[in-house]
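Written out below as structure tokens is the structure these notes cover.
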Amino acid sequence: MKLRSQNWFSGVSLNTFVHRSWTGAQGFSRDVFDGRPVIGICNSWSELTNCNAHLRMVAEAVKRGVWEAGGLPLEFPTISLGEVLVKPTTMLLRNLMAMDVEEAIKGNPIDGVVLLCGCDKTTPAQLMGAASADLPAIMVPGGPMLKGNWRGEEIGSGTDVFRFWDMVRSGRLSEEEFCAIESAMHRSAGHCMTMGTASTMTSLAEALGMTLTGCANIPAPDSRRMAIAQQTGRRIVAMVQEDLRPSQVLTRNAFENAIRVLMAIGGSTNALIHLKAIAGRLGVPLELDDYDQFARTTPLLLNVKPSGRYLMEDVFYAGGVPAVMAELGDLLHLDAMTVTGKSMGENLVGAVVHNRDVIRPRDEPMATEGGLAVVRGNLAPRGAVIKQSAATPRLLRHRGRAVVFPNRDDLLARIDDPDLPVDADSVLVLQNGGPRGAPGMPEWGQLPIPEKLLRQGITDMVRISDARMSGTSYGTVVLHVTPEAAIGGPLAAVRDGDWIELDVAQRRLHLDLPAEEIAARMATWSPPEPLYQRGYGRLFLEHVLQADEGCDFDFLRKLPDAPRDDVAARFAKMGHS
Ligand code: FES
7 MKLRSQNWFS
17 GVSLNTFVHR
27 SWTGAQGFSR
37 DVFDGRPVIG
47 ICNSWSELTN
57 CNAHLRMVAE
67 AVKRGVWEAG
77 GLPLEFPTIS
87 LGEVLVKPTT
97 MLLRNLMAMD
107 VEEAIKGNPI
117 DGVVLLCGCD
127 KTTPAQLMGA
137 ASADLPAIMV
147 PGGPMLKGNW
157 RGEEIGSGTD
167 VFRFWDMVRS
177 GRLSEEEFCA
187 IESAMHRSAG
197 HCMTMGTAST
207 MTSLAEALGM
217 TLTGCANIPA
227 PDSRRMAIAQ
237 QTGRRIVAMV
247 QEDLRPSQVL
257 TRNAFENAIR
267 VLMAIGGSTN
277 ALIHLKAIAG
287 RLGVPLELDD
297 YDQFARTTPL
307 LLNVKPSGRY
317 LMEDVFYAGG
327 VPAVMAELGD
337 LLHLDAMTVT
347 GKSMGENLVG
357 AVVHNRDVIR
367 PRDEPMATEG
377 GLAVVRGNLA
387 PRGAVIKQSA
397 ATPRLLRHRG
407 RAVVFPNRDD
417 LLARIDDPDL
427 PVDADSVLVL
437 QNGGPRGAPG
447 MPEWGQLPIP
457 EKLLRQGITD
467 MVRISDARMS
477 GTSYGTVVLH
487 VTPEAAIGGP
497 LAAVRDGDWI
507 ELDVAQRRLH
517 LDLPAEEIAA
527 RMATWSPPEP
537 LYQRGYGRLF
547 LEHVLQADEG
557 CDFDFLRKLP
567 DAPRDDVAAR
577 FAKMGHS
């Protein structure tokens, strides 16, 4: 098999002289261009992405494995997206990172690629880009942080921050104590160690078959993280020789496995958007109703925050993703191909659960249904999502009057106003938090509880928006209302005092108004002014799809029957420039 990289490095010509001479200037012995596979190490390392800040070390371990197996490792950066620092939201830039990953892989002399990810968006962005490039690819997540611990209490990213902050706002925790928790909560390398979006997406990368078995949940500082990175380096060289590509791994069956695992682990609502976007890159059909169908028939097994009590370190000790998948057993497509070159079923041989309180048995689950549910109705004709495993059970069926905030600025200005006409039965509604409205669909969906209610001991209310929510968040929060308010979805018609009904068991979200009244209100509606007039923001506004379509750009989805865009095949015509 002629390697793709040989188009750059093999033979005697002006071009190959240039490629070998300049690349070799890094100090490589010239025999590294002897036809060995070139392995790109796609690194989302950045000191602005704290969760990925240790990935240079992981890359060194990958390189050891690549050299051992007879490959040539070449590490390259892409933009990186750190959840806590990037404003206004990393979701605005996920597609940009995916484009960066795709074009970097396609434009360079790469035969196979190892994807190094961690923080929330870095995982789906790399999978989207690698799926579109469709060269042999394998993923090594950086792993979760060690558990936080404050005064003997184990505490987790996000989930406990929100809890402690509400305690500060209600006067039950001092600001001094709150600040002391900062260094006790995040104390090692790695990504958030609750079942937030990072832990969800890295676990799903493994469930999709895109990592070595047992890779996703190894804590970042654990020496086994480096060992599996080295093994991954060896494996990608073999994958190039086998020509095993993402399109052979990321099949409909693989996505069904991932959705089963998503439901069993109580994963982030954000996964619905990301899985849809990844599937769209390969033309794999995946609908919002698929998620709901699997939610109804998959038990919630994982007892981890925000749906339970443990943290990702405990999940790893209990057996991690392989143990969860072994427990799901016949609910999965065990014949799905994986990057190991074996089926998922073969990978799972020997996987056992070591702690039955962390990973529950199927006949004694945390809940008989999966963590997420899709609701529909005249308020969300194309669907909305709720993480029922992290909601208050009595609020899953609720009728209340709307308190409406037309945008985030208005919410922040009025939510703690003592005169806000709100009580514990009210339904808080945020408009214009969606893909085009915000824009970028930020994690604004867990609307804060009004301070005057917090002081009465109210800790949860029904909240509805077209925004997203951090995977570490909790509460009775309806998200991703589609179509969003900013493109004229019915959410834009809601006014203060309207009655709203939520019934999760019936999968219903209803605005109790006659259709004629909703139509009359929308007849006088006009869209918000676009925030961006130029640059990437304008590209985003013109091309982003709705939440139920994965929020990818319309032009990045796989076109039916389109041939692979193979730069190497066009190489001879392009020449050197
Ligand atoms: Fe990076 Fe939470 S901030 S995973």
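For the sequence shown, the numbering used here begins at 7 and goes up steadily by one. We treat Cβ as the ideally placed atom computed from N, Cα and C, and that holds for glycine. A quick note: this is a predicted structure, and the numbers were derived from the prediction, not measured.
Per DSSP, the bridge partner or partners of residue i
i, result
"residue 48", "82 and 121"
"residue 393", "378"
"residue 316", "310"
"residue 260", "In DSSP, residue 260 forms no bridge with anything."
"residue 469", "434 and 483"
"residue 516", "507"
"residue 147", "123"
"residue 373", "306"
"residue 550", "559"
"residue 439", "BP columns for residue 439 are empty, so no partner."
"residue 339", "Note: residue 339 sits in no beta bridge, so no partner."
"residue 329", "Answer is none; residue 329 lacks a bridge partner."
"residue 383", "386"
Residue i - containing alpha helix (DSSP H), residue span
i, result
"residue 460", "457-460"
"residue 173", "165-175"
"residue 477", "Counting along the chain, residue 477 falls outside any alpha helix (DSSP H), and DSSP gives it neither H nor E."
"residue 253", "252-255"
"residue 159", "Segment 159-161 is the beta strand (DSSP E) holding residue 159; no alpha helix (DSSP H) there."
"residue 213", "203-213"
"residue 557", "Element bounds for residue 557: n/a, residue is neither H nor E."
"residue 130", "128-139"
"residue 21", "20-30"
"residue 238", "229-248"
"residue 71", "61-74"
"residue 185", "181-191"
"residue 276", "276-288"
"residue 364", "No alpha helix (DSSP H) contains residue 364, which DSSP labels as neither H nor E."
"residue 424", "Note, residue 424: premise wrong, no alpha helix (DSSP H); not H, not E."
"residue 110", "100-113"
"residue 12", "12-15"
"residue 89", "No alpha helix (DSSP H) contains residue 89, which DSSP labels as neither H nor E."
"residue 350", "350-353"
"residue 523", "521-529"
Residue span of the beta strand (DSSP E) that contains residue i, given as start and end
i, result
"residue 295", "That residue, residue 295, is in no beta strand (DSSP E); its alpha helix (DSSP H) goes 294-302."
"residue 156", "154-156"
"residue 406", "403-411"
"residue 509", "505-509"
Best match in the options for proximity to residue i [C-alpha to C-alpha]
i, options, result
"residue 503", "224, 407, 466 and 421", "407"
"residue 564", "290, 192, 170 and 96", "290"
"residue 54", "25, 78, 90 and 82", "90"
"residue 652", "569, 568 and 559", "This structure cannot settle anything about residue 652, because the visible part of the chain is limited to 7 through 583."
"residue 298", "255, 389 and 323", "389"
"residue 473", "544, 458 and 386", "386"
"residue 214", "340, 244 and 537", "340"
"residue 32", "269, 81 and 205", "81"
"residue 471", "367, 185 and 439", "439"
"residue 156", "520, 275 and 170", "170"
"residue 153", "195, 118 and 21", "195"
"residue 335", "270, 375 and 193", "270"
"residue 367", "350, 351, 402 and 324", "324"
"residue 144", "212, 86, 114 and 22", "212"
"residue 6", "561, 74 and 101", "Given that the chain is displayed from residue 7 to residue 583, the structure contains no residue 6 and the question cannot be resolved."
"residue 435", "206, 506 and 465", "506"
"residue 402", "393, 329, 510 and 416", "510"
"residue 555", "285, 121, 151 and 103", "285"
"residue 279", "139, 130 and 27", "130"
"residue 322", "384, 220 and 273", "220"
"residue 257", "281, 411, 20 and 234", "281"
"residue 557", "462, 97, 11 and 515", "97"
"residue 172", "463, 413, 123 and 443", "463"
"residue 423", "448, 451 and 460", "460"
"residue 485", "512, 437, 456 and 523", "437"
"residue 84", "458, 491, 95 and 108", "108"
Beta-carbon separation (whole angstroms), residue i vs residue j, contact threshold 8 Å
i, j, result
"residue 482", "residue 164", "Not a contact, Cβ separation roughly 17 Å."
"residue 47", "residue 79", "6 Å"
"residue 267", "residue 327", "7 Å"
"residue 45", "residue 243", "7 Å"
"residue 433", "residue 468", "5 Å"
"residue 395", "residue 306", "5 Å"
"residue 301", "residue 379", "6 Å"
"residue 136", "residue 119", "6 Å"
By C-beta, the residues closer than 6 Å to any heavy atom of ligand 1, given in chain order:
The set of residues with any CB-heavy atom separation to ligand 1 below 6 Å comprises, in chain order, 57, 89, 90, 125, 126, 163, 197, 198, 202 and 204.
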